[in-house]
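Below is one structure, written out as structure tokens; comments come after it.
There are 2 protein chains.
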Amino acid sequence: MRTGGVLNIIGKLLLLLSLFLLTPIPFSLYYQDGMVKMFLLCSVLGTMMGGSLLALFAPEDDLGYRDGFAVVVLSWLGLALLGSLPYFFCGAIPSFIDAFFESMSGFTTTGSTILNEVEILPQSVLFWRATTHWLGGMGIIVLSLAILPLLGVGGMQLFQAEMPGPTKDRLAPRIQDTARILWVVYVAFTLIQTVLMMLGGMTFFDALCHAFATLATGGFSTHTASAGYWQSGYLEYVIILFMLLAGVNFSLHYRAFAQRSLKPYLQNEEFRFYMIIVGVATVAIVIANMAHAVYSAFGNNLRDTLFQVVSMITTTGFGTADFDQWPSVTKVILVSLMFVGGCAGSTGGGIKVVRVLLFFKYARLQLRTLIHPRSVGAIKLGNQKVPKEVMISILGFFAIYIGVFFAASLLVTAMGVDLVTGMTSVIATLNNIGPGLAEVGPSRNFGDLPQAAKVVLSFCMLAGRLELYTVAVLLTPDFWKMARRPVWRWELAQKREGRLQK
Amino acid sequence: MRTGGVLNIIGKLLLLLSLFLLTPIPFSLYYQDGMVKMFLLCSVLGTMMGGSLLALFAPEDDLGYRDGFAVVVLSWLGLALLGSLPYFFCGAIPSFIDAFFESMSGFTTTGSTILNEVEILPQSVLFWRATTHWLGGMGIIVLSLAILPLLGVGGMQLFQAEMPGPTKDRLAPRIQDTARILWVVYVAFTLIQTVLMMLGGMTFFDALCHAFATLATGGFSTHTASAGYWQSGYLEYVIILFMLLAGVNFSLHYRAFAQRSLKPYLQNEEFRFYMIIVGVATVAIVIANMAHAVYSAFGNNLRDTLFQVVSMITTTGFGTADFDQWPSVTKVILVSLMFVGGCAGSTGGGIKVVRVLLFFKYARLQLRTLIHPRSVGAIKLGNQKVPKEVMISILGFFAIYIGVFFAASLLVTAMGVDLVTGMTSVIATLNNIGPGLAEVGPSRNFGDLPQAAKVVLSFCMLAGRLELYTVAVLLTPDFWKMARRPVWRWELAQKREGRLQK
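Line by line, the protein sequences are chains A and B. Counting in the working numbering, the first sequence runs from 402 upward without gaps. Counting in the working numbering, the second sequence runs from 402 upward without gaps.
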């Protein structure tokens, strides 16, 4: 690993985040919440952190495959650390671990919170909280569509061919091109949703914050009552639509934009399966709610059901209805949706629709092979044949998923947390959903958990968000055996001089 | 599929079971519970059922690969049906579905019960209940070591080389040889355990019934208080030892007997991993119980912990301690053990130690491949290289496992069962454990569930016990497309005559 080159990139990202730390200042001025100096301080601290990394380590051109893992994990870790400062400095969250948890929950677009009442945060800090989601979502799209396929992580190599942008050999230019194209879509969606929500009566501030949280499938709201605060059918349907869009592979959005056609969606098998799951789950829950007479009006039943289904499968975690009152079969469906998650290349978390799809395609192939032993079957996704390596990579993904789930559940319950709270808090963070059940249920929060448990759950958010493999690779001793001592900038300069003199 | 030949085998098995239906009669005479006529009637009915199948369908020599699936599933189904008659006719279980559930729970060595109080059954019927476990256990050993490897089901082909007995090409003789050898071990263990328990003060009846339930990792007891009834440390340690042995691949026992050496155990990687899990889980739970001062005496802590750990991992389901009082981290461990299950080729249920072992070996290999992309790694089990096909077969196993789990949970909760009861009752039956949590917890039973839910759970027991694939194959339309109209015995006779005349 080229430690110096990796740290140089982290430095650049910290500088970029320092710029973003200035964006809440206009809101602070408008709402007069007195946070201007605080955000300036955070930005200066970030600039110093990033600047010193840049000063110490020179960029290295030939960053390779292995460095990718370190860049990805250290970026999220670094951004979460710097991003936690406003929570800590504004005075509303006195524990640094709590601030870090909230920040990690933002950047991983999880949406779990340690806050009992969201309203205690100043407006500008609430805006920062939404911004961490939005930036995290941006990162995820690029990560899953441009970086992970190159690293061959967890079956994502399947999407190598699907990336927009010119194909080049070197890592960095390709990622930059892909990122630029995808971000145009992301920004466009954000603007459209903001405008649509303002038309529904939201303030610019609330609309922007909710658009940030929706497109990132994060789930942080500016109100403790979450999206249910407005009691507006129009607003809820707008949020449903954009959650649904955020759960789709962003390269499909780009191609649909570019071709001005819906064909790219309809031709994509993962998208079709995603819509089928949403449709079937919605119909099933609506019927179950009708059978138990939960709602008197069909319209309310449909709207609340659709909202919960989409909020769960995209792992956004916004709430409008208290589904604890719904019949138990609906909870089995909602919990299953949490595990499915969004499409690959979306901002949604979870296992991903495509992995679930391939999983069951393989089971079907296996059954066919048992019945016709001489038949040679192959798995296809769309028109593409899926190589065995991808399947094995997905098998490995499940193994690591279960391993992390088990280890984290053990650690959290060993700290005295009860069984349901402990296990669902791990599920909620590992799948980047937000709320769990019992003590961390939709109307409760993660604040009362032991501090050490919050650290474990922060790790779960990171591991889940970065598709497990990335974090797991960094935890193997083998990886660190290959790490080189970082080359300081002056050493590199000396070397270059030496080379020039020769 | 050669339907006639398959039904002929089922007929033979029913005749065999009719003989076993006579074995409770001596107990009925001894305890004077008035069940002699009832068991005679059941035996006669069974003889008639089996006899008519034999009369209608002639044996067919060239049964193949595909017929194996039908034989396996229909055997268990047929035996469970015939075996439910004593419960129904004795008058203690007035619902036939309840009787069938109890019988299926016996033959699949699950141990879930619909009985509120076990003692309401006459002694001879209690003996029959234990006998269904014992016969089911016998069936499982042969199924997993002789039949499934030939069918290539769920990675079991790995054990093809491990089977004792001469290797022949035709299916039937090979299975018979293997069965004979393994059953000697099974019967020997049963006798030894019975004698050891009688030495500890149990009556012959109780000792035999508990030996039956232990060796089959079933869990039916002759008392509602289960193995805790005797409050005897000696008896509990005897049960621990034999549960542990029942969770081991029986071909290892055979080889250890034959070689008069412990080497076959120590050289087996699955066995070592099994012992490591039991050891680590026991130490962890003992420490957690100490930290929470659950027990005043270390000896009681160790004994209860060891008992629960072994009862869970082997999916026996006997209870001695109310572990609901234990700290929550111990429950995470115990629930995880339920999923692991026994070794392949044992009578234990669950996913099986070897699958879990290979699962994590593959995850490690995947991580290594990500770090060193050019390295060519292979998975080894012992000294044997594990082919990719086996891994993919295991992936398929997990997919079907999750599919069945999800579908069954949906059905059971849709019938109005609450979430925790519904999901844990599926886990308890699919893994062939016995008790679940909440309404079906260790001190409760399955009796109050809706009748339709009991049918679904009976299916789960069957599917789990037969390694899922077997049942899943029979549920595919493809399989039935290949089924031929059964050839009646007289048609076959006519054909033979025709051939002779030519």
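Glycine included, every Cβ here is placed at the ideal spot set by N, Cα and C.
Proximal residues of chain B, C-beta to C-beta of residue i below 7 angstroms
{"i": "A:V874", "result": "L768, L771, I772"}
{"i": "A:M792", "result": "I793, L796"}
Buried versus exposed, by CB contacts within 10 Å (16 or more), residue i
{"i": "B:N784", "result": "exposed"}
{"i": "A:E898", "result": "exposed"}
{"i": "B:A894", "result": "exposed"}
{"i": "B:F699", "result": "exposed"}
{"i": "A:I834", "result": "buried"}
{"i": "A:S453", "result": "exposed"}
{"i": "B:P550", "result": "buried"}
{"i": "A:L600", "result": "exposed"}
{"i": "B:N517", "result": "exposed"}
{"i": "A:V543", "result": "buried"}
{"i": "A:K732", "result": "buried"}
{"i": "B:I677", "result": "exposed"}
{"i": "B:R900", "result": "exposed"}
{"i": "B:S479", "result": "A small fix is needed here, since residue 479 of chain B is Gly in this sequence, not Ser. B:G479 should be labelled buried."}
{"i": "A:S712", "result": "buried"}
{"i": "B:G746", "result": "buried"}
{"i": "B:A647", "result": "buried"}
Reduced DSSP secondary structure (H/G/I, E/B, other) of residue i
{"i": "B:L423", "result": "coil"}
{"i": "B:Q632", "result": "coil"}
{"i": "A:Q902", "result": "helix"}
{"i": "A:Q577", "result": "helix"}
{"i": "B:Q660", "result": "helix"}
{"i": "A:L850", "result": "coil"}
{"i": "A:R897", "result": "helix"}
{"i": "B:S859", "result": "helix"}
{"i": "B:T717", "result": "coil"}
{"i": "A:E670", "result": "helix"}
{"i": "B:F458", "result": "coil"}
{"i": "B:M599", "result": "helix"}
{"i": "B:C744", "result": "coil"}
{"i": "A:E868", "result": "coil"}
{"i": "B:W891", "result": "helix"}
Bridge partners - residue i, DSSP secondary structure assignment
{"i": "B:Q785", "result": "B:L782"}
Short CB-CB distance (under 8 angstroms) between residue i and chain E
{"i": "B:F605", "result": "The structure shown contains no chain E; the protein chains it does contain are A and B."}
heavy atom of the ligand PLP below 7 angstroms from residue i C-beta
{"i": "B:V733", "result": "Among the ligands in the structure shown, none appear at all, so the ligand PLP cannot be discussed."}
Partners in chain A for residue i, counting only beta-carbon separations shorter than 9 angstroms
{"i": "B:D468", "result": "Per Cβ cutoff of 9 angstroms: no residues; B:D468 is ~12 angstroms from chain A at best."}
{"i": "B:G823", "result": "S729, V730, V733"}
{"i": "B:A884", "result": "What B:A884 touches in chain A: nothing, since even the nearest Cβ is about 11 angstroms away."}
Proximal residues of chain A, C-beta to C-beta of residue i below 8 angstroms
{"i": "B:L552", "result": "L771"}
{"i": "B:S810", "result": "V733"}
{"i": "B:K789", "result": "K789, I793"}
{"i": "B:A853", "result": "Neighbours of B:A853 on chain A: none; closest Cβ ~13 angstroms, over 8 angstroms."}
{"i": "B:T814", "result": "P728, S729, V730, K732, V733"}
Neighbouring residues, chain B, relative to residue i (Cβ below 9 angstroms)
{"i": "A:V857", "result": "Near A:V857 there are no residues of chain B at all, since even the closest Cβ is about 13 angstroms away, more than 9 angstroms."}
{"i": "A:T509", "result": "Ordered by position in chain B, no residue passes the 9 angstroms Cβ test against A:T509, which lies about 21 angstroms from the chain."}
Contacts that residue i makes with chain B (C-beta to C-beta distance below 8 angstroms)
{"i": "A:Y763", "result": "I793, L796, G797, A800"}
{"i": "A:G804", "result": "F761, A764"}
{"i": "A:V818", "result": "S729"}
{"i": "A:F880", "result": "I772"}
Chain A residues whose Cβ lies nearer than 7 angstroms to that of residue i
{"i": "B:Y870", "result": "L771"}
{"i": "B:S737", "result": "F807"}
{"i": "B:A471", "result": "Correct list: empty, because the minimum Cβ distance to chain A is about 11 angstroms."}
{"i": "B:R717", "result": "In the sequence as presented, Arg is not what sits at residue 717 of chain B; that position holds Thr. Neighbours of B:T717 on chain A: none; closest Cβ ~22 angstroms, over 7 angstroms."}
Using 8 angstroms as the cut-off, can you tell me whether the region 432 to 440 of chain B makes contact with the region 875 to 895 of chain A, which would need three or more C-beta pairs spanning the two stretches below that distance?
no
Looking at C-beta atoms only, is the number of pairs between the region 492 to 499 of chain B and the region 468 to 475 of chain B that lie closer than 8 angstroms three or more?
no
Check whether the region 623 to 638 of chain B and the region 667 to 684 of chain B touch, using three or more Cβ-Cβ pairs below 8 angstroms as the test.
no
Is it the case that the region 782 to 800 of chain A contacts the region 710 to 730 of chain B, given that we only count it when at least three CB pairs across the two stretches are under 8 angstroms?
no
Take every Cβ of the region 862 to 876 of chain A, pair it with every Cβ of the region 845 to 852 of chain A, and state whether three or more of those distances are shorter than 8 angstroms.
no
Assess contact between the region 502 to 519 of chain B and the region 446 to 465 of chain B, defined as three or more Cβ pairs (one per stretch) separated by less than 8 angstroms. Is contact present?
no
Does the region 528 to 545 of chain B come within contact of the region 615 to 628 of chain B, defined as at least 3 CB pairs closer than 8 angstroms?
yes
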